[in-house]
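Residue numbers (our numbering): 57 to 613.
Structure, as structure tokens:
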């Protein structure tokens, strides 16, 4: 994380920006509220109906950090509870009102959280907060509840439509004797919930949390339905990810994975930096390019992961840091990459590997990923790439290997279709993003562009870009509209008046009449909500990238 990002994040957290103001007025608890004065000893039920076991068996349970240090679940109950995620046991407790935290990862798709609660007598109740990469989910009256569920209630396919909504008994401080103490976030908006009083002393709470894309990539499901598999070696990852069309959900435990190949020689063309003639850059020659100077020998050591169709690749916990891998989506379809940091792909060379190569895929969702120290583009899409969403991605461009200390470009979308939302374009010289050619359609909303030495958003040769609710800060040129090489077909950009927020040191708009771009462009065909950018950019600053607000810094050793 750059020093500027860290400072702004701390300021945002201290001022409470982007959070709802907690209601301080207490209300009288219902006359039939759960009695927390003197619970008795309790053994959790063990049956086909209410579940069995005490040892967690979900592979989505992590380790290595505590509450508030990463994504996970805070939970407590009046007397006792047992929690399942997608049918697998997560945690159990028979300690009355003792808060527990378990590191936990949600997968793309529908995640079913079920909680068995039991009281020694009277009405059971629970209090829950699930912190996820993008937001927190808390217990409230939208949860479903049953005191007499049929077996299989913990299955994602179970139908709970005939279950009533849970009863809201109040938040922390509103239910006498029930407060869980310091182990539960004191500012949480979670509510004590349970069955209607008189329904029995055992019940099941159920909530479906959907982690799905919006934008052009909506409907992307990856390997949804396949049994998740944890991999840890390059051979395991390659075997699981490259299999033709077989659906697969591939998990990497939180941590670092150095998958670089053996170093090998690479002829490269040297050139002096215009801004500092004592500094050199080195490019791999791509035909028909030639070199004005004698080639020099450099080293490269990346690998390419060629993804097959119908794959979901997820980093658990605070994210998987994948070093030296260029992820190539090729012409595959229905692909998801989430909570991954892709870094150190030949950063001292140009044209020696992208972070995400989007040659010609269809149905792609890249979410909460980080890219840093990459040779070529962070996420370049080529002609024919369709229906892509990139959300909450941190394009981290700070690098000592580029002439001006910034990565040259984040994303070039050529004759392709994509949505970018809530992404952080951080110290990227240009292309944040740029659309090229007449069939390109790029929708940008609620992104943050900061510290761009050249231009921010670009469009050329008839491409169409729609900008809504974005924040620009310290960007030399706000937008760049260019023609084709022959001087025809100006790129088109529409930035509706008053929609985008221009902070400190934002330069002019190039092309057109010099005003904020107002060209006629496409209208998105999907539902979406544009948040007020002045209220959203701090949230993007905090939560974009692998690990979200708990991102583990990337380091080179």
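Each residue gets a CB set at the ideal place from its N, CA and C atoms; glycine is no exception.
Residue 471 and residue 439 have their C-alpha atoms roughly 4 Å apart. With fewer than 16 other CB atoms across the displayed protein chains lying within 10 angstroms of its CB, residue 218 is exposed. Out of 187, 566, 596 and 401, the CA that lies nearest to the CA of residue 245 is found in 187. When DSSP assignments are scanned along the segment 282–318, the uninterrupted stretches of alpha helix (DSSP H) that are 4 or more residues long and fall wholly within it turn out to be 290–297. For residue 453 and residue 582, the gap between their C-alpha atoms comes out near 31 Å.
The segment 118–134 makes contact with the segment 144–163: 3 or more CB pairs, one atom from each, lie closer than 8 Å. Scanning the segment 482–507 for uninterrupted beta strand (DSSP E) segments of 3 residues or longer gives 484–486, 490–492 and 497–501, listed from N- to C-terminal end. Per DSSP, the unbroken beta strand (DSSP E) holding residue 171 starts and ends at 165–174. DSSP, read as helix, strand or coil, puts residue 326 in strand. Our two residues, residue 235 and residue 225, have alpha carbons roughly 12 Å apart in a direct line. Annotation: residue 136 to residue 99 spans about 8 Å, alpha carbon to alpha carbon.
Listed as beta-bridge partners of residue 423 by DSSP are 394 and 447. Per DSSP, the unbroken alpha helix (DSSP H) holding residue 596 starts and ends at 589–599. Taken atom to atom, the span from the alpha-carbon of residue 342 to that of residue 515 is near 24 Å. The segment 421–436 and the segment 598–612 touch, with no fewer than 3 CB-CB distances between them shorter than 8 Å. With contact defined as three or more Cβ pairs closer than 8 Å, the segment 335–355 and the segment 388–399 are not in contact.
A buried status is given to residue 138, since no fewer than 16 other beta-carbon atoms sit within 10 Å of its beta-carbon. Residue 337 is bridged by DSSP to 327. When 405, 556 and 147 are compared, the shortest CA-CA separation from residue 522 is found for 556. The alpha-carbon separation between residue 447 and residue 271 amounts to approximately 9 Å. Distances from the CA of residue 317 to each of 275, 221, 360 and 174 were compared; the closest alpha carbon is that of 360. The beta carbon of residue 511 lies closer than 6 Å to those of 486, 533 and 536 in the same chain, with the five residues before and after it left out.
Its Cα nearest to that of residue 442, the residue 386 stands out among 378, 198, 92 and 386.
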